[in-house]
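Residue numbers (the UniProt record's numbering), protein chains in the order written: chain A, 1 to 207; chain B, 1 to 719. Where a beta carbon is used, it is the ideal one built from N, C-alpha and C, also for glycine. Accompanying notes for the structure given below.
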């Protein structure tokens, strides 16, 4: 399959599992999108589904720890960080690259670079030996992954040689397909049970 | 968790479960929705081929688990993970408790692990003073309720939003709304502090890849990721059967598991963890990581020629999704820890005979589980095999031995049937049904009318009706089965008329034939079943015939597949059984595919006929088109019914042992048939006819229920 076909397929499949997919022409455009999403969202997105719901003392206390609007963007390329810093500064958003353990109550956006994409299932592949990357993709209310179009493969078998290579030393790699979900209560789908409530995939077009 | 000690007690629990309306509605809805979502998920994939690949790969792994364990250990330890092998459940629990103590652990978060359910790990850890929190939403709910899972993939499917809201109100000490989206968020925020504070995370593992020492976890909620990331210690507990040689083996299973489990293309998260990764709160800066493999009988099972295929199971839960009995009574009564069809087998091996002995009898043998299994496990046969083993170990019940003795002695059996014909006179009241059965025989059986034994058996008519064929091109033996021989001889006569309408077919009815033996298989009387099979193979010398035609789907399926298995350990008999099986064919396939009967043979006005697909025909023999096509050839208007291939609840001796369940299944079947608007139904199994016709008769609904052969025969053009 050619890259445009792979992009199309990944977009369609990711859409089926409630992921938001956008094609972006440049890293700068991607970073502007990230900052805009952060500004546009409510302070704590759990609100949408009932922050007014009564909590126990401990849960309440943890919720209190989340005050500012925060984007965590660990291990992003320099070009991306420069652009993102500028956009964040302009919009008054706090940008961090480490110290995620101080934000376990949740942050607004975790930004990661995907190592690959799998078209067949609409999946992004996140390598995260770095604990900050791992946490950014788990703790955030919105996980945004930047995926270079050329890193999209047709199916998981096509990715196998690279995965095996990564597994040759300590490694933590995940296939992420859509936001966190559950259907454990009456089989009714609910998004964002433990992980991100939303997944955005920004497909960075080849230059 | 099923905990009855006697069959009587178990039946009482089943009756209670039947009264749980919410659970039944939930499981019904799921069963119907599952069928569509699974079909959609596999739309672009050759499912049988993928399943065959998985089965072959798992078999290969099962043959070398000990070697794979060593290879995994070598690679995992090189990457900093400590690897253990626990012989028993207790040993696994002890190893994990010791790791906790050595690392000064107080609090533990867990992500879902069936293996930990198997070892009752939480009880063990809590008794040692650890605080353990389940983090999978369904698992947390059932932990708070102090009960076990009712489904492998959806542990709390038996509970309503109201029950969950009440539970969460108790936990938070605040009144919670009955709104699922909100309840999920309450759980998110109640559990987040548990993750933040936990010293140790315990997960299962869906895959353990020997070539790299990697474990793979598949989850939807993301709790598996938090459990393996936040705490400074991570212990994965997995059965040794999760070992596989390469990543490819795991990727292949991922293509199938979520589709087969819930109709998802893939779960939200598939996480691959190799060795120890950086972890800030750990004193060394990297995670303390252990993988504990549980044997608990698996390595011995891997050497058991019959049961090693149980280790192919990838825990998708599909066998429960399609099981008509699970759908009625739920997992707490249809399993011990492992539920559904695989649970019936696994319980015997992992939790012992006492826990399994009642459960394994509660199987219709309808084969729905086998047809959907992601690893091609022959579950119905294994369930019956467990039943037979338990009886061999514990002693056979008197009635079961007695039936075995009678059935394997053809003359005694047939004399008893003929005496029954004479003795039944006072209880038929001149009808074709047993009207006035003594109560002790009829208890709980009044949901259907039972047929009377016919005035004259088919075998006694045969010489009179046998067509004389001068120049035979095909030689056919008829195998009638007991019901058609003694109860419904008219079905046999109809079949003979249809076959005789094509010239050149010589039919024989070998008089030495007896019961096919399936009832003995159902009752766990394996030895008597072997004797009966040998008897039938002597009575019908396969080499004398081109085909052995059977009008009973159950007999046909058992003759074709069951006989070969019975003699698997006896090469000479196995050869004979294979020759025999090769010639066995069901009536509809024979008439349509071999004789090639077309619409030119038939005449008469059209009418609406619906169809019931017997389990042993549609799944047992894979015959689905032939009977429906024949109805069309005969000029009838075939009207499909909903859930046409779901069991009618007969299951032979099953309906006698579990009448309450049989009644429920029959009720659904009748409702689906009536909803078609037809007032006639065709099928290919006398057992199904006995059940369904008896059901309509009991509720006094006029509905014609007949064998496909009878519909064809009445419309044959007279020559």
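- In terms of CA proximity to residue 148 (chain A), A:27 leads the group A:27, A:1 and A:15.
- Nearest to residue 265 (chain B) by alpha-carbon distance, out of A:60, A:163, A:10 and A:115, is A:10.
- The beta carbon of residue 114 (chain B) does not come within 9 Å of any beta carbon belonging to chain A, so the residue lies off that interface.
- From the listed residues B:622, B:713 and B:382, the smallest Cα separation to residue 560 (chain B) is found for B:622.
- Annotated three-state conformation of residue 386 (chain B) is helix, per DSSP.
- Residue 185 (chain A) carries a coil assignment under DSSP once its states are collapsed to helix, strand and coil.
- Within the segment 372-422 of chain B, the runs of alpha helix (DSSP H) at least 4 residues long that lie entirely inside it are, in chain order, 379-394 and 398-407.
- By alpha-carbon distance to residue 179 (chain A), the top candidate from A:186, A:164, A:193 and A:130 is A:193.
- With a threshold of 9 Å between beta carbons, residue 54 (chain A) makes contact with chain B.
- Ranked by Cα distance from residue 68 (chain A), the options A:76, A:109 and A:83 are led by A:109.
- Identification of chain B residues near residue 110 (chain A) by a Cβ-Cβ cut-off of 7 Å yields none; the smallest Cβ-Cβ distance measures about 12 Å.
- In the three-state DSSP reduction, residue 307 (chain B) falls in the coil class, being neither helix nor strand.
- The beta carbons of residue 145 (chain B) and residue 167 (chain B) sit about 7 Å from each other, so the pair counts as a contact at 8 Å.
- When DSSP states are grouped into helix, strand and coil, residue 108 (chain A) belongs to the strand group.
- Residue 254 (chain B) and residue 218 (chain B) do touch by the CB rule: their CB atoms are close to 7 Å apart, below 8 Å.
- The beta strand (DSSP E) runs lying completely inside the segment 57-140 of chain B and spanning 3 residues or more are 82-86, 107-110 and 131-134, given in chain order.
- Each residue's CA atom was taken as its position, placing residue 240 (chain B) and residue 138 (chain B) some 25 Å apart.
- Only those residues of the segment 150-173 of chain B whose C-beta falls short of 8 Å from the nearest C-beta of chain A are listed: 154, 155, 156, 157, 159, 160, 161, 164, 171, 172 and 173.
- Judged by pairs of C-beta atoms under 8 Å, the segment 699-708 of chain B does not touch the segment 648-662 of chain B, as fewer than three such pairs exist.
- Per DSSP, the continuous alpha helix (DSSP H) segment holding residue 21 (chain B) begins and ends at 21-41.
- Using a Cβ-Cβ cut-off of 9 Å, residue 209 (chain B) counts as an interface residue toward chain A, since at least one Cβ of chain A sits closer than that to its own.
- In terms of Cα proximity to residue 308 (chain B), the closest of B:298, B:189, B:626 and B:147 is B:298.
- Counting only residues of its own chain and dropping the five nearest sequence neighbours on each side, residue 517 (chain B) has a CB closer than 6 Å to the CB of 529, 532 and 533.
- For the set B:636, B:501, B:709 and B:78, the Cα lying nearest the Cα of residue 211 (chain B) is the one of B:78.
- Along the segment 257-283 of chain B, going in chain order, the ones with a CB nearer than 9 Å to a CB of chain A are 262, 264, 265, 266, 267, 268, 269, 270, 271, 272, 273, 274, 275, 276, 277, 278, 279, 280 and 281.
- Within chain A, the residues 54 have their CB atoms less than 9 Å from the CB of residue 175 (chain B), given in chain order.
- Counting the other Cβ atoms within 10 Å of the Cβ of residue 654 (chain B) gives 16 or more, which makes it buried.
- Assigned with DSSP and collapsed to three states, residue 171 (chain A) falls in strand.
- Listed along chain A, no residue sits closer than 8 Å to residue 290 (chain B) by beta-carbon distance, the nearest being about 15 Å off.
- With respect to chain B, the C-beta atom of residue 167 (chain A) has a partner C-beta closer than 9 Å.
- Going by DSSP, residue 586 (chain B) is part of the beta strand (DSSP E) stretching over 584-586.
- Of the residues assessed, residue 355 (chain B) falls on the buried side of the cut-off, its CB having 16 or more other CB atoms within 10 angstroms.
- Looking at the DSSP output, residue 113 (chain A) sits in a beta bridge with A:146.
- Around the beta carbon of residue 49 (chain B), fewer than 16 other beta carbons sit within 10 angstroms, so the residue counts as exposed.
- In the DSSP assignment, residue 201 (chain A) falls within the beta strand (DSSP E) that extends over 198-204.
- Residue 203 (chain B) has B:236 as its beta-bridge partners, per DSSP.
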